[in-house]
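Numbering (my numbering), first residue to last: 345 to 511.
Positions of the beta carbon are idealized from the N, C-alpha and C atoms, including for glycine.
The structure presented is a predicted model; accordingly, all values stated were derived computationally and were not measured.
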Amino acid sequence: MPMVTIPAGQVAAGHLPPVCARHGEQATATKKVNLISKPPAWAAVLIIAGVLPYLIVVMALRKTVKAPAWPWCAKCTSQRTRSLLIGLGLIVLSFVLMIAFAAAQSDAAAFGILLALIGFLAGIIVAARATTQAITGAFVSKDGNLVEIPKADERFAYALHHPGARV
Ligand SMILES: [Zn+2]
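Right, here's the structure in full:
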């Protein structure tokens, strides 16, 4: 799984091979994706000061590249559907359990509510993995000049460096 970097301008122009960067499959569609940079590790310290200061700093430092035509394959679609179904299923199930435990009003119910709360958060995390950017596995570099794909498929890397070659 090579780390692949692409100039931001090339991504913004939609000049990408018709191969999925994540799975190496032939692209079945292209997607409009807003790719963003990861928050710097030190920004996490700001969480102590509160969620709002953290968000302000992260948003201020965030670099975005608008990809008008990111290659998207059948596996991307099924991965997205699976994450959404599992995530939303967990959220709904935990919510129902929370209400049921809250109605029970016993000592064991408090523990049940806590478990349901954990399930709820897990559901949000799983559902968040269904966003288009999460599926692409691509990030914008800190300076905003590059799009980085840390775990790109070799077939994508090959197609990127050999334009016009059949894959
Ligand atoms: Zn894919």
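| Check | Outcome |
| --- | --- |
| Residues that DSSP places opposite residue 465 in a beta bridge | According to DSSP, residue 465 bridges with nothing at all. |
| Backbone secondary structure at residue 354 - three-state DSSP | helix |
| Sequence-distant residues of its chain with Cβ nearer than 8 Å to residue 507 (five each side left out) | 361 |
| Same chain, Cβ closer than 8 Å to residue 461, five either side skipped, listed in chain order | 438 and 442 |
| Distance, residue 377 Cα to residue 476 Cα | 7 Å |
| Residue 498 Cβ short of 8 Å to ligand 1 heavy atom set | no |
| Residue 350 Cβ short of 8 Å to ligand 1 heavy atom set | no |
| Own chain, CB closer than 8 Å to residue 472, minus 5 neighbours either side, in chain order | 431 and 478 |
| Rounded straight-line distance, which links the Cα of residue 427 to that of residue 470 | 6 Å |
| Residue 374: first and last residue of the uninterrupted beta strand (DSSP E) it sits in | 373 to 380 |
| Which of helix, strand or coil DSSP assigns to residue 370 | strand |
| Own chain partners of residue 500 with C-beta closer than 6 Å, once the 5 adjacent residues on each side are dropped | 363, 365 and 368 |
| Residues of its chain near residue 466, where Cβ-Cβ distance is below 7 Å and the 5 sequence neighbours each way are ignored | 434 |
| Residue 415 - partner residues in DSSP beta bridges | 374 |
| Beta-ladder partner(s) of residue 483, from DSSP | 492 |
| For residue 352 and residue 400, the rounded distance between their alpha carbons | 24 Å |
| Identified DSSP bridge partners for residue 407 | Paired residue(s): none; residue 407 is not in a bridge. |
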